[in-house]
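These notes concern the structure reproduced below.
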Amino acid sequence: EAGVVQSPRYKIIEKKQPVAFWCNPISGHNTLYWYRQNLGQGPELLIRYENEEAVDDSQLPKDRFSAERLKGVDSTLKIQPAELGDSAVYLCASSLVYRREGLTDTQYFGPGTRLTVL
Amino acid sequence: KQEVTQIPAALSVPEGENLVLNCSFTDSAIYNLQWFRQDPGKGLTSLLLIQSSQREQTSGRLNASLDKSSGRSTLYIAASQPGDSATYLCAVREGGSEKLVFGKGTKLTVNP
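Quick mapping for you: the protein sequence lines, in order, are chains A and B. Take any residue in the first sequence, note its place counting from 1, add 10, and you have its number in this note's numbering. Take any residue in the second sequence, note its place counting from 1, add 258, and you have its number in this note's numbering.
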């Protein structure tokens with residue numbers, strides 16, 4: 011079974027440019043997460059989707075960041091315009107949440123996209 | 259606000275040694291605790307997940323314990339190997355939430 015797929019793996023842009031990251035979760039997983047990991051830090055949640063709905067975006071800098079998950083499968087995270095401080099690894103994860111039973115499987119992470127803003 | 263701390267930040271040991279990584283968290287109202295492994299340039303791989311009602315979990319040479327009341331967890335690695343070299347991250351899932359709060363990790367180097 012394929013894991014979480016992310017692209018691109020690396021991206022170098024100049025500040026003020028736009029950038030987009032793509033994530034394809036594990037087939038059948040209804041919940042998708044975007045995390046940002048700064049150098050030497052643990053990942054921090056940016057946004058969580060259950061199916062098509064963003065249920066937790068409290069940590070997403072909404073002035074420049076946006077995300078979508080069309081049809082409840084693939085997701086795109088966009089930054090416009092990028093700033094120097096946005097340099098980080100952007101991780102996508104997915105899991106299967108059994109809402110009615112209150113059960114959550116573990117989160118499976120993709121390899122991440124390393125963004126460098128010059 | 260939940261805070262997760264991992265000690266030490268880095269650890270270097272000779273091959274074959276048994277070792278312990280530490281994780282502490284400030285709010286004991288957690289749903290579960292998870293240990294992940296992260297290799298350079300790669301994503302996170304889940305190693306062990308301990309539910310809040312459990313005391314420990316084991317997988318091969320790995321054993322994780324949880325003391326929820328004191329806000330502590332340890333990851334024990336027996337007979338370490340060079341292939342164990344990686345960064346180990348501890349994360350807690352807050353009660354009533356799907357959110358994981360991570361520590362900064364412990365970078366482990368096992369020397370042949």
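We put the beta carbon where it would ideally sit given N, CA and C, even for glycine.
Cβ-Cβ distances below 6 Å link residue 351 of chain B to 289, 290, 358 in the same chain, with the five nearest sequence neighbours on each side left out; the list follows chain order. Judged by DSSP secondary structure, residue 101 of chain A falls within the beta strand (DSSP E) whose first and last residues are 98-105.
Here residue 280 of chain B is bridged, per DSSP, to B/265, B/332. A direct Cα-to-Cα measurement between residue 319 of chain B and residue 344 of chain B gives close to 15 Å.
When CB distances to chain A are screened at a threshold of 7 Å, the residues of the segment 300-316 of chain B falling below it are 300, 301, 302, 304, 307, in chain order.
According to DSSP, residue 118 of chain A shares a beta bridge with A/104.
Close to residue 261 of chain B, with beta-carbon spacing below 7 Å, lies no residue of chain A; the smallest spacing is near 11 Å.
At a cut-off of 8 Å between beta carbons, residue 75 of chain A makes no contact with chain B. Apart from sequence neighbours up to five positions away, the residues of its chain that approach residue 98 of chain A with a beta-carbon distance below 7 Å are 46, 47, 48, 125, ordered along the chain. The alpha carbon of residue 367 of chain B has as its nearest neighbour, out of B/354, B/341, B/361, B/347, the alpha carbon of B/341. Between the C-alpha atoms of residue 280 of chain B and residue 31 of chain A there is a straight-line separation of about 34 Å. Within chain A, no C-beta atom comes nearer than 8 Å to that of residue 333 of chain B; the closest sits roughly 15 Å away. Within the same chain, Cβ atoms closer than 8 Å to the Cβ of residue 355 of chain B are found at 289, the five residues on either side in sequence being excluded. In terms of beta-carbon proximity, residue 360 of chain B lines the interface with chain A, with at least one pair separated by less than 8 Å.
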